[in-house]
Amino acid sequence: MVARLPLPGSAAAGGILTLRAMLVGDARDVAAIEQVAYPPPQPWSEGIFRDCLRVGYLCQVLELDGQIIGYGILSIAASEAHLLNVCIAPSHQGCGYGRQLVHHFLDLADRYKADTVYLEVRPSNVAARELYKSLGFRRVGVRKSYYPALPGEPREDAIQLARDIA
-8 MVARLPLPGS AAAGGILTLR AMLVGDARDV AAIEQVAYPP PQPWSEGIFR
42 DCLRVGYLCQ VLELDGQIIG YGILSIAASE AHLLNVCIAP SHQGCGYGRQ
92 LVHHFLDLAD RYKADTVYLE VRPSNVAARE LYKSLGFRRV GVRKSYYPAL
142 PGEPREDAIQ LARDIA
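Position 13 of the sequence shown, counted from 1, bears residue number 4 in my numbering, the numbering being contiguous throughout.
As structure tokens, this is what we get:
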């Protein structure tokens, strides 16, 4: 299913914004955005995105005028949802697309009868933390040394966030 979305208020005028299921053929484009958005050694590979599709996670892409500018991956099991990855291409960040994408995944979690949505975020990712806070996520824990690091550098913790759907 393809959904046409309104452009966020801070986005440039014009253009067609759509949201659709990620296809296997999208994995290369999605991985390319991932490589630009996240510094090594953090980025997911094309293979990881293909694996997410293969196991049946809810994988979505956000397109502006037919070009993928963002994506997200949601896992749902036993009334719990886990937002595994949400990313907007750096050239389109700060326009409200990330907020729309997270709202969409919250709606999906509700449709699939999840009670709570969980996610992890880097303490250093202040913009993402502020977005999640504004959307009602609350801190529920810390995962020590969660994020990979370059050789010789310390691993970064992850802040665990949750949001009730009801």
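Glycine included, each C-beta is placed from N, C-alpha and C at the ideal position.
It should be emphasised that the depicted structure is a prediction, and the values quoted were computed from it without experimental measurement.
Beta-carbon proximity check, residue i vs residue j, cutoff 8 Å
i, j, result
"GLU71", "TYR109", "yes"
"ILE79", "ILE64", "no"
"ALA100", "ILE39", "no"
"GLY87", "PRO(-1)", "yes"
"ALA153", "ARG120", "no"
"ILE67", "ALA105", "yes"
Contacts around residue i, its chain only, beta-carbon distance under 8 Å, and the 5 residues preceding and following it disregarded
i, result
"ARG11", "MET(-8), VAL(-7), ALA(-6), GLN51, VAL52, GLU54"
Close Cβ partners of residue i (< 6 Å) along its chain, the five nearest in sequence each way excluded
i, result
"ALA140", "ARG146"
Through-space distance from residue j to residue i, alpha-carbon basis
i, j, result
"LYS135", "ILE7", "41 Å"
"GLN58", "TYR29", "20 Å"
"LEU74", "GLY127", "14 Å"
Same chain only: Cβ atoms within 7 Å of residue i, ignoring 5 sequence neighbours per side
i, result
"LEU44", "MET13, VAL15, CYS50"
"ARG41", "VAL15, ALA18"
- Note down, one range per segment and in chain order, each alpha helix (DSSP H) of at least 4 residues found wholly within the segment 82 to 114. Here the runs fully enclosed are 88 to 102.
- Do the segment 114 to 122 and the segment 15 to 22 make contact, defined as three or more Cβ pairs closer than 8 Å? Too few Cβ pairs lie closer than 8 Å, so no.
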